[in-house]
Amino acid sequence: AKQAGGASLAFFTQDILVEASSRLTIAAELKRAILENELELYLQPQLDSASGEVVGAEALLRWNHPVKGFLTPAAFIDVAEQTRAIRLVTGWLVKESFSIIKRWEQAGRDLFLSFNISALDLADNELLLRMTEELEQQQIKPANIELEIVESAIIENFQSASAILSKLREIGFHVAIDDFGTGYSSLAYLDKLPVDKLKIDREFTSKLELGEGAGIVKSIVDLASNFDLRVLAEGVETLEQEQLLKQLGCQRVQGFYYSKPIPLAEFEQKYLLPQA
Ligand code: C2E
Ligand code: CA
Ligand code: CA
Ligand code: CA
Numbered sequence: 690a691k692q693a694g695g696a697s698l699a700f701f702t703q704d705i706l707v708e709a710s711s712r713l714t715i716a717a718e719l720k721r722a723i724l725e726n727e728l729e730l731y732l733q734p735q736l737d738s739a740s741g742e743v744v745g746a747e748a749l750l751r752w753n754h755p756v757k758g759f760l761t762p763a764a765f766i767d768v769a770e771q772t773r774a775i776r777l778v779t780g781w782l783v784k785e786s787f788s789i790i791k792r793w794e795q796a797g798r799d800l801f802l803s804f805n806i807s808a809l810d811l812a813d814n815e816l817l818l819r820m821t822e823e824l825e826q827q828q829i830k831p832a833n834i835e836l837e838i839v840e841s842a843i844i845e846n847f848q849s850a851s852a853i854l855s856k857l858r859e860i861g862f863h864v865a866i867d868d869f870g871t872g873y874s875s876l877a878y879l880d881k882l883p884v885d886k887l888k889i890d891r892e893f894t895s896k897l898e899l900g901e902g903a904g905i906v907k908s909i910v911d912l913a914s915n916f917d918l919r920v921l922a923e924g925v926e927t928l929e930q931e932q933l934l935k936q937l938g939c940q941r942v943q944g945f946y947y948s949k950p951i952p953l954a955e956f957e958q959k960y961l962l963p964q965a
């Protein structure tokens, strides 16, 4: 028994080592990926549900890895968020997003772009500094940039996170709570959160047809209206969901029903050029 225990302990230790080294590898590789231009943004449109007009887009990260191929965030974003590598990624996102908005503005288009940030980005002033610097350089309309963050990432580190988000909003940037309804969703916090928009999680949108999600969606829509926030439903996949969301008063929609996330060039061709 002693020997078996020792052996499994050895395996256990090895697993941890393998896991730790693969984490380090991903973190180090992300550094290289940024230098070598391997990261790419896919854009998914966000629409006004009444007019059907595209009003903005969410930027979703993709990694063209030289060996592992085309990677979605599931393959690397958790690890990045657990290491300082996420700072590099977010720094890259700031530069990319601002230059995309700059180009759209120069083309006379007033669409916004949102990108995802993580808890670590709100632990100190780095993001705020980068956003301010980039704004100074690119001179875009700050309201055309939106940050998406999950509620737990704000609440875990409330003092620092809310101070930073407040400053960003004072400058004119927008903030959205991502995956709303799945986290704390505490009313006690909601009126203290420095945000502009609630994004209703796909979980509730997908239950609408079963008649299950409607109560929750309606509550979130009312909540948003009472707190003077915008509200968007994520993960819309069917006409029926769209119709129900309209009935429930949800202003904004996003999901495969309208478009999957697509490469930037394709997005611009579809949604920007025809009207430019
Ligand atoms: P998220 O922010 O909640 O993004 C929505 C995810 O749902 C995206 O997956 C999107 O492709 C997918 N989606 C959109 N519409 C539909 C739909 O109608 N049906 C279904 N089934 N799925 C839909 P993706 O691109 O794989 O991203 C996964 C997560 O990775 C994101 O969830 C976000 O948390 C994270 N992520 C993506 N890009 C970034 C980034 O640049 N930085 C950070 N920190 N996280 C990111
Ligand atoms: Ca998001
Ligand atoms: Ca989401
Ligand atoms: Ca999510």
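For the sequence shown, UniProt numbering begins at 690 and goes up steadily by one.
Even glycine gets a Cβ: it sits at the ideal position worked out from N, Cα and C.
Owing to the predicted nature of the structure, the values given are computational and were not obtained by experimental measurement.
Check: Helix, strand or coil: how does DSSP classify N846 here?
Finding: Residue mapping note: residue 846 aligns to position 157 of the sequence shown, counting from 1. N846: coil per DSSP, three-state reduction.
Notebook entry, point to check: To the nearest angstrom, how far is it from the Cα of V906 to the Cα of E845?
Noted result: The residue labelled residue 906 in the question sits at position 217 within the sequence shown. The residue labelled residue 845 in the question sits at position 156 within the sequence shown. In a straight line, the C-alpha of V906 is about 25 Å away from that of E845.
Notebook entry, point to check: What is the C-beta distance between A774 and S807, in whole angstroms, given that I count them as a contact (C-beta under 8 Å)?
Noted result: Taking the sequence shown and counting its residues from 1, one reaches residue 774 at position 85. Taking the sequence shown and counting its residues from 1, one reaches residue 807 at position 118. Contact doesn't hold; Cβ gap of about 11 Å is too wide.
Checklist line | Test item: CB-CB of F869 and L854 under 8 Å | finding: Here residue 869 refers to the residue found at position 180 when the sequence shown is read from its first residue. Here residue 854 refers to the residue found at position 165 when the sequence shown is read from its first residue. Not a contact, by the Cβ cut-off of 8 Å.
Item checked: L921 versus G900: straight-line alpha-carbon distance, rounded -> Here residue 921 refers to the residue found at position 232 of the sequence shown. Here residue 900 refers to the residue found at position 211 of the sequence shown. Between L921 and G900, the C-alpha separation is close to 19 Å.
Check: Under the rule that 16 or more other beta-carbon atoms within 10 Å means buried, what is P734, buried or exposed?
Finding: Numbered from its first residue, the sequence shown carries residue 734 at position 45. P734 should be labelled buried.
Item checked: Pair within 8 Å by beta-carbon distance, E923 and Y946 -> Here residue 923 is taken as the residue at index 234 of the sequence shown, counted from 1. Here residue 946 is taken as the residue at index 257 of the sequence shown, counted from 1. Against a cut-off of 8 Å, the Cβ pair of Y946 and E923 comes out as no contact.
Notebook entry, point to check: With respect to the beta strand (DSSP E) encompassing V920, which residues constitute its N-terminal and C-terminal limits?
Noted result: The residue labelled residue 920 in the question sits at position 231 within the sequence shown. Element bounds for V920: 919-922.
Notebook entry, point to check: Can you name, in chain order, every residue of its own chain whose Cβ lies under 6 Å from the Cβ of L782, other than the five neighbours on each side?
Noted result: Here residue 782 refers to the residue found at position 93 of the sequence shown. Excluding residues within five positions, the ones whose Cβ falls inside 6 Å are F804.
Margin query: Using only the alpha-carbon positions, how far apart do I866 and E727 sit?
Written below: For the purposes of this step, residue 866 is taken as the residue at position 177 of the sequence shown. For the purposes of this step, residue 727 is taken as the residue at position 38 of the sequence shown. In a straight line, the C-alpha of I866 is about 28 Å away from that of E727.
Next item on the list: Please find out if some non-hydrogen atom of ligand 1 comes closer than 7 Å to the beta-carbon of E923.
Entry: The residue you call residue 923 lines up with position 234 of the sequence shown. Indeed, a heavy atom of ligand 1 lies less than 7 Å from the Cβ.
Next item on the list: Indicate whether V910 and G938 have their beta-carbon atoms separated by less than 8 Å.
Entry: In the sequence shown, the residue the question calls residue 910 occupies position 221. In the sequence shown, the residue the question calls residue 938 occupies position 249. Yes, they are a contact pair.
Check: Using the C-alpha atoms, what's the distance from P755 back to D880?
Finding: Working through the sequence shown from its first residue, we reach residue 880 at position 191. Working through the sequence shown from its first residue, we reach residue 755 at position 66. Roughly 46 Å between the two C-alpha positions.
Check: Roughly how many angstroms lie between the CA atoms of K691 and K757, to the nearest whole one?
Finding: Sequence index remark: in the sequence shown, residue 691 carries index 2 (1-based). Sequence index remark: in the sequence shown, residue 757 carries index 68 (1-based). A caution first: K691 carries a pLDDT of 46, below 50, which makes its placement in the model unreliable, though a value can still be read off. So the two alpha carbons sit approximately 40 Å from each other.
Check: Quick one: is the Cβ of K886 within less than 7 Å of any heavy atom of ligand 3?
Finding: Along the sequence shown, read from residue 1 onward, the residue named residue 886 stands at position 197. Checking every heavy atom of ligand 3 against the Cβ of K886, none is found closer than 7 Å.
Checklist line | Exposure label - A796; buried when at least 16 CB within 10 Å | finding: Position 107 of the sequence shown, counted from the first residue, corresponds to residue 796. Per the 10 Å Cβ criterion, exposed.
Note to self: So, at 7 Å on beta carbons, what are the nonlocal neighbours of E929 in its own chain, with the 5 sequence-adjacent residues on each side left out?
What the structure shows: Residue numbering aside, residue 929 sits at position 240 when the sequence shown is read from its first letter. Counting only residues of its own chain and dropping the five nearest sequence neighbours on each side, E929 has a CB closer than 7 Å to the CB of E898.
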